[in-house]
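2 protein chains.
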Amino acid sequence: MVEPAQHRKPTFADVEAAAARLAGWAVVTPLLEFPALNEQVGGRVLIKPEVLQRTGSFKFRGAYNKISQLPEAKRPAGVVAYSSGNHAQGVAAAARLLDVPATIVMPADAPAIKIENTRSYGAEVLLYDRYREAREEVAAGLVAQRGATLVRPYDDSDIIAGQGTCGLEIARQAAALGRRLDALLVCCGGGGLTAGSALALTELSPGTTIHTVEPEGFDDTARSLAAGRRVANDPGPPSVCDALLAPTPGELTFTINRGLVTGGLAVTDEETRAAMTYAFRNLKLVVEPGGAVALAAVLSGKIEARGKTLALTLSGGNVDPQFFATVIAG
Amino acid sequence: MVEPAQHRKPTFADVEAAAARLAGWAVVTPLLEFPALNEQVGGRVLIKPEVLQRTGSFKFRGAYNKISQLPEAKRPAGVVAYSSGNHAQGVAAAARLLDVPATIVMPADAPAIKIENTRSYGAEVLLYDRYREAREEVAAGLVAQRGATLVRPYDDSDIIAGQGTCGLEIARQAAALGRRLDALLVCCGGGGLTAGSALALTELSPGTTIHTVEPEGFDDTARSLAAGRRVANDPGPPSVCDALLAPTPGELTFTINRGLVTGGLAVTDEETRAAMTYAFRNLKLVVEPGGAVALAAVLSGKIEARGKTLALTLSGGNVDPQFFATVIAG
Numbered sequence: 003m004v005e006p007a008q009h010r011k012p013t014f015a016d017v018e019a020a021a022a023r024l025a026g027w028a029v030v031t032p033l034l035e036f037p038a039l040n041e042q043v044g045g046r047v048l049i050k051p052e053v054l055q056r057t058g059s060f061k062f063r064g065a066y067n068k069i070s071q072l073p074e075a076k077r078p079a080g081v082v083a084y085s086s087g088n089h090a091q092g093v094a095a096a097a098r099l100l101d102v103p104a105t106i107v108m109p110a111d112a113p114a115i116k117i118e119n120t121r122s123y124g125a126e127v128l129l130y131d132r133y134r135e136a137r138e139e140v141a142a143g144l145v146a147q148r149g150a151t152l153v154r155p156y157d158d159s160d161i162i163a164g165q166g167t168c169g170l171e172i173a174r175q176a177a178a179l180g181r182r183l184d185a186l187l188v189c190c191g192g193g194g195l196t197a198g199s200a201l202a203l204t205e206l207s208p209g210t211t212i213h214t215v216e217p218e219g220f221d222d223t224a225r226s227l228a229a230g231r232r233v234a235n236d237p238g239p240p241s242v243c244d245a246l247l248a249p250t251p252g253e254l255t256f257t258i259n260r261g262l263v264t265g266g267l268a269v270t271d272e273e274t275r276a277a278m279t280y281a282f283r284n285l286k287l288v289v290e291p292g293g294a295v296a297l298a299a300v301l302s303g304k305i306e307a308r309g310k311t312l313a314l315t316l317s318g319g320n321v322d323p324q325f326f327a328t329v330i331a332g
Numbered sequence: 003m004v005e006p007a008q009h010r011k012p013t014f015a016d017v018e019a020a021a022a023r024l025a026g027w028a029v030v031t032p033l034l035e036f037p038a039l040n041e042q043v044g045g046r047v048l049i050k051p052e053v054l055q056r057t058g059s060f061k062f063r064g065a066y067n068k069i070s071q072l073p074e075a076k077r078p079a080g081v082v083a084y085s086s087g088n089h090a091q092g093v094a095a096a097a098r099l100l101d102v103p104a105t106i107v108m109p110a111d112a113p114a115i116k117i118e119n120t121r122s123y124g125a126e127v128l129l130y131d132r133y134r135e136a137r138e139e140v141a142a143g144l145v146a147q148r149g150a151t152l153v154r155p156y157d158d159s160d161i162i163a164g165q166g167t168c169g170l171e172i173a174r175q176a177a178a179l180g181r182r183l184d185a186l187l188v189c190c191g192g193g194g195l196t197a198g199s200a201l202a203l204t205e206l207s208p209g210t211t212i213h214t215v216e217p218e219g220f221d222d223t224a225r226s227l228a229a230g231r232r233v234a235n236d237p238g239p240p241s242v243c244d245a246l247l248a249p250t251p252g253e254l255t256f257t258i259n260r261g262l263v264t265g266g267l268a269v270t271d272e273e274t275r276a277a278m279t280y281a282f283r284n285l286k287l288v289v290e291p292g293g294a295v296a297l298a299a300v301l302s303g304k305i306e307a308r309g310k311t312l313a314l315t316l317s318g319g320n321v322d323p324q325f326f327a328t329v330i331a332g
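Protein chains in written order, with this note's numbering: chain G, 3 to 332; chain Z, 3 to 332.
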């Protein structure tokens, strides 16, 4: 079922080609700077708010890049994806724009806003029990049965290249501001946004170090980078970061990241909640837990910002109002 | 006490001069577009999120333009302002940047976040009882006693020119996107943002109609524009829009607005809350009630958006977390 092209390691040229495909469809999100944040950390922090992207996260970029390349003959059978929520919405919205039917396999306990939004884009949503069923198997069944195309969340060359357009924009926007980036911090689940952005930064801003940020207990990428091979998370308590619970780095993403990423940081749920509250109060941006970890790393001093110019992603903003209310109320 | 220059009607050249003063100090906020919102209203809606401005509202623009022109000899005696909150923060932050002492007279029942933020910028805050004291008298006492300079919230040529840089950016950013604006909707209290923006749009985008948006019951500008003279709000129930409760249009602002503004719209508190919730859920922006009225006018169909290109301001985002939580929870 898997086309070989999916497993080809993407290049900077693939990221550029993805940017051309996305032009006019994805939002070129701004690169924002907040004087009060700069003063607080004693450096410059350039913020890429992918919360403002179509579907409220960067995931639309990869999904559109993938589905828009689907051969005409494969479109009527549709696409299938499994996702805890943001990839689901990205695939659903991209498929609708391209008139391709979409079926999304989502955990029954995903945030309600993510399930509702996915349905609102016209996708069929199949809920599964995260503790009793393997989502890959549910999705594989649909692919076999319908002849549909599986759109993987990160281990796919076209997905990685699409997410990389976020990094491409960061590099170009920072250059347009006359800023040399010392470091880029990326919120990291399976590693697709990191890998794609690393391809872009390595080409356009070679002196910039690249760092993943993950929730504590789910810092499989950080530990894998340190070990030089893919290691899995140990069983443990869950995290508020529903978007960043991948069990191990992706195969393809790790092949890229091990060569280009400097290292990984991890933040606690408490630091993540504090970053969400900071974003509400000071940046006036709505950020979901998994989208706030890179900001959390800066605010909690896990990376030195003094005298430096950092860029970071706020990678998604799809958060249930009830949960958001409890977070900002402290 | 009042310098004659304050009462001079500002011109487009004053707005351009203000933009030069603000360069590097105010944030050039982006002009955002959301495909899902466009689809919903059947037109194009360009959003100017002044929630991302320094101090979380457009008010920093006018305050900095005013205080940066204060003669050296007048700086040590400081500035005084009265404000329900956003002008307070703008003046406090601008004064601190310019090393000028600031005293702000604020109602004791202003949102706590606005009082705390104003203090955090180093200003002295004097609370007064909105129902027993006249803020103008409290401020005039301080001016007389200290030889301080009063920074009015809107009826001042330099304040209007400063706020106009928001409209200047809208016109230039829309042109850079290749969009001709059919209409601009501005959240309106005393009319400073409207007047300054109208000066810019009339010069740079002469075919664009300009509309104020106010809360129902506080639509003094709409009724004044219709009557051709300044009329006051009737006594009535309060509004959630704490930032937009000016009793009448400003003298100087109305002199400008009566000639340049097409008309005024009014929205209910319920429509305002719905717009705040929409911004949370779909735009991922934190907007305070008074900053959401222009969006409310579009979402509630008070202005026809179908087939048109509209721009609107989200003029501020300083809202208490508890109140925000109750709004987004419905």
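The beta-carbon is built from N, C-alpha and C at its ideal position, and this holds for glycine as well.
Closest Cα partner of Z/F183 within the set Z/F14, Z/P12, Z/L33 and Z/Q8: Going by the sequence as given, residue 183 of chain Z is Leu instead of Phe. For Z/L183, the nearest C-alpha among the options comes from Z/L33.
Residues bridged to G/E126 by DSSP? G/T105
Would you kindly work out how many angstroms separate the C-alpha atoms of Z/G252 and Z/A299, rounded to a whole number? 23 angstroms
Identify the contact partners of Z/R56 in chain G, using a Cβ-Cβ distance below 9 angstroms as the criterion. F36, P37 and A38
Using a Cβ-Cβ cut-off of 8 angstroms (strictly less than) and excluding sequence neighbours within five positions of Z/R10, which residues of its own chain qualify? S159
Backbone CA spacing between Z/P155 and G/D221 [nearest angstrom]: 50 angstroms
What do you get for G/Q91, buried or exposed, if any count of 16 or more other CB atoms within 10 angstroms of its CB means buried? buried
Of the listed residues G/T274, G/G265, G/T264 and G/R260, nearest to G/L246 (C-alpha basis): G/T274
According to DSSP, residues forming a beta bridge with G/Y84: G/V107
Between Z/Q324 and chain G, is the shortest Cβ-Cβ distance under 8 angstroms, so that the two count as touching? yes
Kindly confirm or deny that the region 39-49 of chain Z and the region 109-128 of chain Z touch, where touching means at least three C-beta pairs closer than 8 angstroms. no
Using the three-state DSSP reduction, which class does G/E218 fall into: helix, strand or coil? coil
Between which two residues does the beta strand (DSSP E) containing Z/G266 stretch? G265 to V269
Considering G/K50, what are the terminal residues of the beta strand (DSSP E) in which it resides? R46 to P51
In chain G, which residues lie with their C-beta within 8 angstroms of the C-beta of Z/G319? K286
Start-to-end residues for the alpha helix (DSSP H) that takes in G/M204: Going by the sequence as given, residue 204 of chain G is Thr instead of Met. Element bounds for G/T204: G194 to L206.
Pick helix, strand or coil for Z/C168, following the three-state DSSP scheme. helix
So G/A185 and G/I69 are supposed to be a Cβ contact under 8 angstroms. How far apart are they, rounded? Actually they do not touch by this definition, with Cβ atoms about 33 angstroms apart.
Mapping DSSP to helix, strand and coil, what is G/A313? strand
Give the residues of chain G in contact with Z/A125, contact being defined as C-beta atoms less than 8 angstroms apart. Within chain G, no residue comes near Z/A125; the closest Cβ sits about 15 angstroms away, beyond 8 angstroms.
Residue interval of the alpha helix (DSSP H) (run including Z/L24): F14 to L24
Less than 7 angstroms between C-beta atoms, sequence neighbours within five positions excluded: which residues of the same chain meet that for Z/R98? Y123 and G124
Cutoff 6 angstroms; reference G/L201; Cβ partners in own chain excluding five residues on either side: F14, V17 and G166
What residue from G/I106, G/L170 and G/A20 has the CA that sits closest to G/L129's CA? G/I106
In or out: G/R1 buried (at least 16 other Cβ within 10 Å) or exposed? Any property of residue 1 of chain G remains undetermined from this structure, which presents chain G solely from 3 to 332.
The beta strand (DSSP E) spanning G/L187 covers which residue range? A185 to C189
The region 197-221 of chain Z: positions lying closer than 9 angstroms to chain G by Cβ: none
Whose CA, out of Z/E52, Z/C190, Z/Q71 and Z/E218, lies closest to the CA of Z/T151? Z/Q71
Do we get a CB-CB distance below 8 angstroms when we pair G/I117 with the residues of chain Z? no
Would you say G/F60 faces chain Z, with C-beta separation under 8 angstroms as the test? no
With distances taken Cα to Cα, identify the nearest neighbour of Z/A349 among Z/P113, Z/A313 and Z/G319. It is not possible to answer for residue 349 of chain Z, since the shown part of chain Z is limited to 3 through 332.
Strictly by DSSP, which residues pair up with G/H213? G/L187 and G/G265
Restricting to Cα atoms, I'd like to know which of G/T279, G/T264 and G/G265 is closest to G/D271. G/T279
With a threshold of 16 other CB atoms inside 10 Å of the CB of G/E5, please say whether the residue is buried or exposed. Because G/E5 carries a pLDDT of 49, less than 50, the predicted location of this residue cannot be relied on, and no value is offered for it.
Under 8 angstroms Cβ to Cβ from Z/P109, same chain only, skipping five residues before and after it: list those, please. S86, L129, Y130, D131, R132 and R137
I'd like to know if the region 255-271 of chain Z and the region 306-314 of chain Z are in contact, where contact means that at least 3 CB-CB pairs between them fall below 8 angstroms. no
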